[in-house]
Structures are given as C-alpha cells and as structure tokens.
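J.: In terms of the UniProt record's numbering, the sequence shown opens at residue 1 and continues consecutively. By construction, the Cβ of each residue, glycine as well, lies at the ideal position given by its N, Cα and C atoms. Values in this document were obtained by computation on a predicted structure and should not be read as measured data.
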Amino acid sequence: MKFQSSELPIGKPQTRKKTAPKLAPLIVITILFTIFPIYYPSIRYSSQKKISEVISSNSEDTIQAVDHLDNDLQVNHPCPVEDVPTKPCNVPIKEEQEHEPEQEQEKPEKLPEKDEKSTNFVTKSDITDKKVQPELRKKLDRHNQHARKKSGHHQRDFTVPKVVAEKTDQKKQLSNDDVRILSSEVSRSSESCDLFSGEWVKNLEGPYYTNDTCYAIQQHQNCLKFERPDSDFLKWRWKPDACELPIFDPTQFLEFVRGKSLAFVGDSVARNHMQSLICLLSKVVYPEDVSETQDENRRWIYKDYDFNISMFWAPYLVKTEKTDPNDVTQPFNLYLDEFDEFWTNQIQGFDYVIISAGHWFFRPTMFYLNRRLVGCLYCPQSNVNHVTSNFSYRRAFRTAFRAINSLENYKGVTFLRTFAPSHFENGPWDKGGDCARTKPFKRNEKKLEGYNLEFYKIQLDELKIAQRAGRRRGLKFRLFDATQPMLLRPDGHPSKYGRYTNPNVTVPNDCVHWCLPGPIDAWNDFLVELLKREVGD
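(1) Across which residues does DSSP place Y289 in a beta bridge pair?
(2) Could you say which of N405, K439 and N426 lies nearest to P508 if we only look at CA atoms?
(3) Mapping the DSSP letters down to three states, classify N120 as helix, strand or coil.
(4) In the DSSP output, which residue or residues are listed as bridge partners for R372?
(5) Given a cut-off of 8 Å on the beta-carbon distance, is the pair S356 and A466 in contact?
(6) Is there a Cβ from chain B that is less than 8 Å from the Cβ of F361?
(7) Give the DSSP-derived three-state secondary structure of Y305 in the structure shown.
(8) Please list the terminal residues of the continuous alpha helix (DSSP H) segment that includes N272.
(9) Indicate the three-state DSSP secondary structure (helix, strand or coil) for W429 in the structure shown.
(10) Could you tell me the alpha carbon to alpha carbon distance between S187 and R478, rounded to whole angstroms?
(11) Measure the alpha-carbon distance for L407 versus T414 and round it to whole angstroms.
(12) What are the start and end residues of the alpha helix (DSSP H) that includes I354?
(13) Nearest by alpha-carbon distance to G450: which of R533, N390 and R402 is it?
(14) What number of angstroms, rounded off, separates the C-alpha of F226 from the C-alpha of S291?
(15) Assuming L336 and T293 form a contact by the criterion Cβ under 8 Å, report the distance between their Cβ atoms to the nearest whole angstrom.
(16) Can S310 and A263 be called in contact, C-beta distance under 8 Å?
(17) From R472, F362, S495 and W238, pick the residue whose C-alpha is nearest to that of D434; which is it?
(18) If we require 3 or more residues per run, which beta strand (DSSP E) segments fall completely within the region 416-484?
(19) Since I believe G518 is in contact with H220 (beta carbons under 8 Å), could you give me their beta-carbon distance rounded to a whole number of angstroms?
(20) With contact counted as at least three CB pairs below 8 Å, one residue from each stretch, are the region 249-259 and the region 299-313 in contact?
(21) Measure the C-alpha to C-alpha separation of K322 and P315 and round it to an integer number of angstroms.
(22) Does the region 511-531 come close enough to the region 482-489 to have 3 or more Cβ pairs within less than 8 Å?
(23) Measuring from the CB of L262, is there a heavy atom of the ligand GTP at a distance below 7 Å?
(24) How far does the alpha helix (DSSP H) with F401 in it reach, from first residue to last?
(25) Should E185 go down as buried or exposed, given a rule of 16 or more other Cβ atoms within 10 Å for buried?
(26) Just checking, does the region 200-210 make contact with the region 231-249 on the three C-beta pairs under 8 Å criterion?
(27) Whole angstroms are fine: how far does the CA of E341 sit from the CA of V528?
(28) Taking the beta strand (DSSP E) that E185 belongs to, which residues open and close that run?
(29) For V512, does the three-state DSSP call read helix, strand or coil?
(30) Take D481 as the anchor and find which of H359, R473, L460 and R402 has the nearest alpha-carbon.
(31) Is the region 434-445 close to the region 375-383, with three or more CB pairs under 8 Å?
(32) Considering P240, what are the terminal residues of the beta strand (DSSP E) in which it resides?
(33) Please say whether K260 and Y410 have beta carbons closer to each other than 8 Å?
(34) Since F342 is in the alpha helix (DSSP H), which residue starts that stretch and which ends it?
(35) Would you mind reading off the limits of the beta strand (DSSP E) that contains T320?
(36) In angstroms, rounded to a whole number, what distance separates the CA positions of G536 and L530?
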C-alpha cells in the first residue's frame, strides 16, 4: 500500500492525506478475517489437545484399560456366603430392548476400564434424538463422523463413557504370567526371597492352639467343635521357594510390636485373620477388650506391651448405605468415589494397617459416582447400566488408597492383603457347592483363573498406583500376597462343620472363611516377616 506523499509537488510541504488512516485499519481487519478462519480449527484443536493432555497426565485418576467387557450383562460369578446368608445372586435381569447397532466411534487416548457397558439413562437429549427419522439420523451420523475425521479433533466426554466391546477373537486373555510380572513390580525387589512363591509342606507340630485354649474363635469357624472328622488340614506350613519362613513366635511378636498399633480394615475374612492372631498370642497373654460398641468394630489392648489391635468393619472400603436398614440381604448403595470416613478418620495414629476386601463385591449393589447412579450388580432395573463386580472393585480400592494418601497425619505402613479365593466345587454356593477336600493342592494342580485372577490383577494395579502416589508423601504401601498360598488350600474351609447339622434346615456350606486353627494361621507367619523387613529399612 503506497502513501501519496511521494507524488506531492516539489517545494510544497509534504503532508499525508487524511484518508489514509481510515483505510489502513479496514485493510488490516480484512486480512485478519481472511486468515483467522483458516487457522482457527488447528489453533482450537491444539489448545484443547494441551488441556486433554494435562487431564490425561494425572495417572492416579485415570482409569486404566482392562479387558473385561464380554459378560457385563450376565454375571456368572458366585456370590459366596458371608456371616448372614443372602438371597441367591443370580437375580434375573430384564433383557434390554434391542437397538440399532451404533457406529463404532474413534476411541479416546485413554479408556476407562472395559468392565462396563454404555449407560442407558434417558435424558432430554435422548428423547429429542428419538424424534429424528431413521434416514435423517443415519445421514446426520455420517455427516458428524466425516466432520470428526476431517478436523482430527476428539470430543472429551466427562460423563460415564460409552465403551464399545471388543470382538472376542481380539480380546487379550489375562494370564498367570501377567500377574506374576505385576506382582514382582509391586513387591520389594531388593528382597532376595519372595515369601509368597512356594508350596505347602508337612508340619507335624501344628496346630499351635485349639478351640479349648482360644476364646476368640467364632462358631462358624470352629471346625473342631463341630467335629470335623479329619485333622490333616492342621499339619501343613508354607515354605517359600528361596528361604525358610519361621513359624509364628508369640513372645517374639509381642516384643517386636511393643508400643505399636495394628488395624485391620475389611470384611469378615479380615476379622478371621485378626482372630487367628489373637489365638496365636493367647499362648502368652489374652488381650483386654476395650471396644466402645458391640458391633463388628472391635478394639483390644495388650497392656503389658502397650500394643493394641483394632478391627474396622468396611466390607466395601468406600461410603456405603443400606437400601433397607433392617434387611442386610437387600442391595447396598456404594458411593465409589467417596471415602468411608468411619475408618479413614481413625487410622491416622496407627503404625500398621492391613486393608483387604473381596467377597462382598458379588452381592447385589447399586453404584454411584458424583452422587449419580451409574450402574448396578444384580438389580432388576432395565434402565440402569448392568456391570460386573470388577467395575466396583477397582474403584473401591482406588478410592480407599486415595483416602489413605490424603491423610495429613498418617505415617504408618499400609499392607494390601490380597484376595483369598473361595473353593466351591460341584455347584455354586447356593446350589450345593462344597469344599470337601482334605489336603492342599500342589502348585501344578491349580492355577489362578476367572474372577479370582481378575480381582487379584485389579488389586495389584491399584497398589502400584497407590505406591507411586505414596512415594511423593513418604508413605509406604506393601504387598501382603495371600492369593497364591490360599488358592492351594481347598481343605481349610469350615464347609458344613461350622454348625450343628439340622436335617430340617438347609444352610449353604462355608467355603469362604477359614477354620481356626487352620491355614489362615500362616498369614501371621507372613506378617512377622513383613514387619521385620520394615524395621530393616
């Protein structure tokens, strides 16, 4: 653009015409309006991409992808018996009406767990969409898909995502090798001996207490009282491959934990473990019960050793409500992203916390995220997303570990005691399934599979995330791996020997809990060695 000053007559003062300043802004604006629409989509995509990368970089809150989608609407996992027998788990689920198959959308960079189906909640937009004629709908879908491909931009959905199931032939099967690798990653690699890789070997010295010497045994685990005919299940100990695991020494243990505190957080199997510990210590001293309530939450102190044990009843680990306060067999409401403040507010002063959960996750439940109903397990509603127990199990452990990592004054060591498999054979728990074996499996006779393998993998995944977050705060999260040792002990359950037989009453066999005394006593052999390793640090 030329100014006209050079064209003025010589000898006259050279001044610019006043029209030039009016034209320049107009020309600049014209150029901007020409260029900006061309580059705006890429600028917009670039900025949104950076935002999405920041969100995705928070690995603690990102749900990792797993391959558990195929059977979300028909869950065939058994629902083992707990302290209070529940209704059969195989509640009929109303079949969904068939819809036109949706076109598969491009996947975002990180998917949530593939243990959920797309939600079927009816929204205002859904009602509006249904008014569009089918042919127009197809044209709109093709147009939108073409527009997405052209722009290269993926819309991030912050609601419960819709996940398309992969084809069966493309599904990667989870294997025992996969979990062994993951287990080694979350274990203490500096240790020369893996305590949890080994075999059950004969030990003629057991048991180390009886139902006559320990008052802490509950009726349904008192196999000796109810005249279990065999006793060979009491004559085994765990032998790691690369070292010896000493038998529990109660005097040594009490000296070791002098001035310390230990908490068990979990369900009735966690209580089963705690009662085993009390029974083993009863050879030296009985604790004083200082529980403030008479419910499942208990507290004992060993005054001479300034040592205390607490049990926090938290079968789901997260905030939970009964749908019917007077009927434990009715579904529970699980708020999967909210802390169970009853136990999280009380563990800050503890030196050691053993956290565990498992069999309650097979019960009928309703799942909430952000206080919104997002799914259920064994519910009759057809307009609710039916998911597997993996959905709630993963989120419950993630929330529980997040709660521990958020405690300002907690300086203790957290042990994840992994899932202890049940051993129902010849039928599910509510259809005559039993555990009548009288000796352990050899390691080559039984492998981890099905939901046992999936639960174990989820626990290892979430422990790894918790360890990474805990390192930033100086907190320790350790693996207490009971899964493989207990997988090999089908002989250690009460079965029908947790009650007197009544021919007029049918009660499910108990293949979830463990006889006391019994194989669960070995967990305290593990515990002593794990605590020693912490002091060694």
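T.: So, from the listed chains and residues:
(1) If you number the sequence shown from 1, residue 289 lands on position 289. For the record, residue 289 in the displayed sequence is Asp; it is not Tyr. D289 pairs with W300.
(2) Counted from its first residue, the sequence shown places residue 508 at position 508. The shortest C-alpha separation from P508 is found at N426.
(3) Looking up residue 120 in the sequence shown gives position 120. For N120, the pLDDT reaches just 37, beneath the cut-off of 50, and the residue's location in the model is therefore unreliable, although a value from the coordinates is still provided. Residue state, collapsed to three classes: coil.
(4) Looking up residue 372 in the sequence shown gives position 372. Per DSSP, L369.
(5) Here residue 356 corresponds to residue number 356 of the sequence shown, with the count starting at 1. Here residue 466 corresponds to residue number 466 of the sequence shown, with the count starting at 1. Contact flag unset, no.
(6) The structure shown contains no chain B; it holds only a single protein chain.
(7) For this step, residue 305 is matched to residue 305 along the sequence shown. Three-state DSSP puts Y305 in a helix.
(8) Reading the sequence shown from its first residue, position 272 is the one you call residue 272. Here the alpha helix (DSSP H) through N272 covers S268 to L281.
(9) Looking up residue 429 in the sequence shown gives position 429. W429 falls in the coil class under three-state DSSP.
(10) Residue mapping note: residue 187 aligns to position 187 of the sequence shown, counting from 1. Residue mapping note: residue 478 aligns to position 478 of the sequence shown, counting from 1. When rounded, the distance between both Cα atoms is 7 Å.
(11) Taking the sequence shown and counting its residues from 1, the one referred to as residue 407 is at position 407. Taking the sequence shown and counting its residues from 1, the one referred to as residue 414 is at position 414. About 12 Å.
(12) Residue 354 sits at position 354 when you count from the first residue of the sequence shown. First-last for I354: Y352 to I355, but that is the beta strand (DSSP E), not the alpha helix (DSSP H).
(13) Here residue 450 is taken as the residue at index 450 of the sequence shown, counted from 1. Closest option to G450, Cα to Cα, is N390.
(14) Here residue 226 is taken as the residue at index 226 of the sequence shown, counted from 1. Here residue 291 is taken as the residue at index 291 of the sequence shown, counted from 1. Distance between the alpha carbons of F226 and S291 is about 28 Å.
(15) Position 336 of the sequence shown, counted from the first residue, corresponds to residue 336. Position 293 of the sequence shown, counted from the first residue, corresponds to residue 293. 26 Å between Cβ atoms; not a contact.
(16) Within the sequence shown, residue 310 is the residue found at index 310, counting from 1. Within the sequence shown, residue 263 is the residue found at index 263, counting from 1. Against a cut-off of 8 Å, the Cβ pair of A263 and S310 comes out as a contact.
(17) Sequence index remark: in the sequence shown, residue 434 carries index 434 (1-based). Looking at the Cα atoms, S495 is the closest of the given residues.
(18) 476-480
(19) On the sequence shown, residue 220 is found 220 positions in, with the first residue counted as 1. On the sequence shown, residue 518 is found 518 positions in, with the first residue counted as 1. Actually they do not touch by this definition, with Cβ atoms about 13 Å apart.
(20) yes
(21) For the purposes of this step, residue 322 is taken as the residue at position 322 of the sequence shown. For the purposes of this step, residue 315 is taken as the residue at position 315 of the sequence shown. Cα to Cα, K322 sits roughly 13 Å from P315.
(22) yes
(23) By its list of ligands, the structure shown contains no ligand whatsoever, and the ligand GTP lies outside what it can speak to.
(24) Start at 1 with the first residue of the sequence shown, and residue 401 comes out as number 401. Its alpha helix (DSSP H) spans residues S389 to S406.
(25) Taking the sequence shown and counting its residues from 1, the one referred to as residue 185 is at position 185. E185 is exposed by the Cβ-count criterion.
(26) yes
(27) Against the sequence shown, residue 528 aligns to sequence position 528. Against the sequence shown, residue 341 aligns to sequence position 341. Those two C-alpha atoms are separated by around 29 Å.
(28) Your numbering for residue 185 matches position 185 in the sequence shown. It is not in any beta strand (DSSP E) - E185 instead sits in the alpha helix (DSSP H) that spans N176 to V186.
(29) Looking up residue 512 in the sequence shown gives position 512. Three-state result, V512: coil.
(30) As a first step, residue 481 must be located in the sequence shown, where it is residue number 481. Checking every option, the nearest Cα to that of D481 belongs to L460.
(31) no
(32) Counting from one through the sequence shown, the residue named residue 240 turns up at place 240. That run of the beta strand (DSSP E) goes W236 to P240.
(33) Position 410 of the sequence shown holds residue 410. Position 260 of the sequence shown holds residue 260. Contact flag unset, no.
(34) Translated into positions along the sequence shown, residue 342 becomes position 342. Per DSSP, F342 belongs to the alpha helix (DSSP H) from E341 to T344.
(35) Stepping through the sequence shown from its first residue, residue 320 is reached at position 320. Unbroken beta strand (DSSP E) run through T320: V318 to K322.
(36) Walking along the sequence shown from the start, residue 536 turns up at place 536. Walking along the sequence shown from the start, residue 530 turns up at place 530. Answer to the nearest angstrom: the Cα atoms are 10 Å apart.
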